[in-house]
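Residue numbers (the numbering used here), protein chains in the order written: chain U, 1380 to 1572; chain S, 1380 to 1572.
Glycine included, every Cβ here is placed at the ideal spot set by N, Cα and C.
Since the structure is predicted, the reported quantities are computational estimates derived from the model, not experimental observations.
Notes follow the structure.
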DNA sequence: ATGCTAATATACCGGTAGGTATAATAGGAG
DNA sequence: CTCCTATTATACCTACCGGTATATTAGCAT
């Protein structure tokens, strides 16, 4: 692991545990066994470090979803594949996803929020696109695609957070196929009721 | 509005917008048109200010829920009353509840998280208690009361966040009885599927 | 008027935040 | 061996952080 990677790793650890604003550059480089100029050499600023961290991790998430989710005429099945890909990523990258959620939930004028916002928006556009592609199967959605996307992802996030709170920090978050299908079913029920 | 209240008000505004760690005492008292010693006179420390703010607001939330929710043999109805009380509080205190969620989602070693954690735990104990009281109606829950409480409140939080993201900052968040009953229905469906 | 207390301001403290000027080091190319 | 570039460290900057010592003000009881 090179020094750039070391910095990203300890930054994630600390941001996840204490929050972006509560962690100083000093603490990050100390934890990585390096000094400040090394960090500034690679990332330019604290914000640059955050952007790099989020950007690289988000790309992985997006690839996971893209590989899984192409609408193929069976919408519940598509949602299942998305949910499965999502939980795999979120479980294997617990710190990253938790940190992204934390940033997203902070005030809109917070620097960290501004850094994730475009990524989350991009992600939601992707999910919304799935609902749009399924318009023929789902019938007229009256422009509620975005609302459905928010509802669906919200259900996934909520489930992730619930499982996380019930799983010790070092243990893996487990969710089997049956449970994921249950979530999709519950969501589809919500749409039609 | 006395000075103590002025400080609490501008603290909430700023914490909500920028996050607890990103706001300095200086900014808070400036916004309130006061000076630092006044804040330290009333609250003793930044953490003391946060505790007072959260404590006072949480008490209001708890009172809302307590007035609404006494299990009376009709569990879905009880959940409806809780949900209704919750949404009324959260909508009328948008900043407060958003800020509480934000703190709760940040890292566990964050000072703000430590400040809300006992309040949220207490709240969850209350909701869990409802599920326990309904054991005769719901059947053997196999110790899943806590999980149900997390799931139910998660659904409420998620709905609140979704509505909030779709409602302009200055407008009121509206949710009619029919929608709330829909959410409860969706949750009950989730339990039995 | 006088003293007492609650409440507020001025001016300051040490510490640390993000960020940088400068120099040293190391490894490969010629 | 020497130069060049990439990388890293020492030591420092200014600004602001949370917090406080001290003085002043205002109202009230005596």
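Item: Spatial neighbours of residue 1354/U in its chain, beta-carbon cut-off 7 Å, leaving aside the 5 residues before and after; Value: As displayed, chain U neither begins before 1380 nor continues past 1572, which places residue 1354/U out of reach and without an answer.
Item: Close Cβ partners of residue 1466/S (< 6 Å) along its chain, the five nearest in sequence each way excluded; Value: 1554
Item: Cross-chain neighbours of residue 1544/S in chain U, by beta carbon under 8 Å; Value: 1529
Item: Contact with chain S by residue 1381/U, beta-carbon distance below 8 Å; Value: no
Item: Distance between beta carbons of residue 1543/S and residue 1552/S, contact taken as under 8 Å; Value: 6 Å
Item: Contact residues within the stretch 1385–1408 of chain U, judged by C-beta distance below 7 Å to chain S; Value: 1395, 1396, 1397, 1398, 1400, 1401
Item: Any chain U beta carbon closer than 8 Å to residue 1425/S; Value: no
Item: Alpha-carbon to alpha-carbon, residue 1456/U and residue 1515/U; Value: 15 Å
Item: The stretch 1518–1530 of chain S contacting the stretch 1436–1455 of chain S, beta-carbon criterion three pairs below 8 Å; Value: no
Item: Partner residues on chain U for residue 1556/S, Cβ-Cβ distance less than 8 Å; Value: Neighbours of residue 1556/S on chain U: none; closest Cβ ~15 Å, over 8 Å.
Item: Pick from 1452/U, 1408/U, 1385/U, 1458/U that is closest to residue 1534/U, judged by C-alpha positions; Value: 1458/U
Item: Selected residue, minimal CA-CA separation from residue 1560/U, among 1508/U, 1410/U, 1389/U, 1462/U; Value: 1462/U
Item: Coarse secondary structure for residue 1555/U, derived from DSSP in three states; Value: coil
Item: Chain-ordered neighbours of residue 1521/S on chain U, where CB pairs are closer than 7 Å; Value: Ordered by position in chain U, no residue passes the 7 Å Cβ test against residue 1521/S, which lies about 14 Å from the chain.
Item: is_contact[residue 1437/S, chain U] using C-beta, thresh 8 Å; Value: no
Item: C-beta neighbour in chain S for residue 1505/U, strict 8 Å; Value: no
Item: Other residues of its chain near residue 1496/S: CB distance less than 6 Å, five sequence neighbours each side excluded; Value: none
Item: Interface flag, residue 1486/U vs chain S, CB-CB below 8 Å; Value: yes
Item: Where the stretch 1489–1501 of chain S meets chain U: residues whose CB sits under 9 Å from a CB there; Value: 1489, 1490, 1491, 1492
Item: As assigned by DSSP and simplified to three states, the class of residue 1399/S; Value: helix
Item: Neighbour flag for residue 1513/U against chain S, beta carbons, 8 Å; Value: no
Item: Residue 1450/S, DSSP secondary structure in three states; Value: coil
Item: Span of the alpha helix (DSSP H), counted from its first residue to its last, around residue 1533/U; Value: 1524–1545
Item: C-beta neighbour in chain S for residue 1537/U, strict 8 Å; Value: yes
Item: Cβ shell of residue 1451/U (< 8 Å), same chain only, five flanking positions each side left out; Value: 1457
Item: Option in 1390/U, 1438/U, 1566/U with minimal Cα separation from residue 1407/U; Value: 1390/U
Item: Amino acids of chain U, ordered along the chain, whose beta-carbon sits closer than 9 Å to that of residue 1568/S; Value: 1564, 1565, 1568, 1569, 1572
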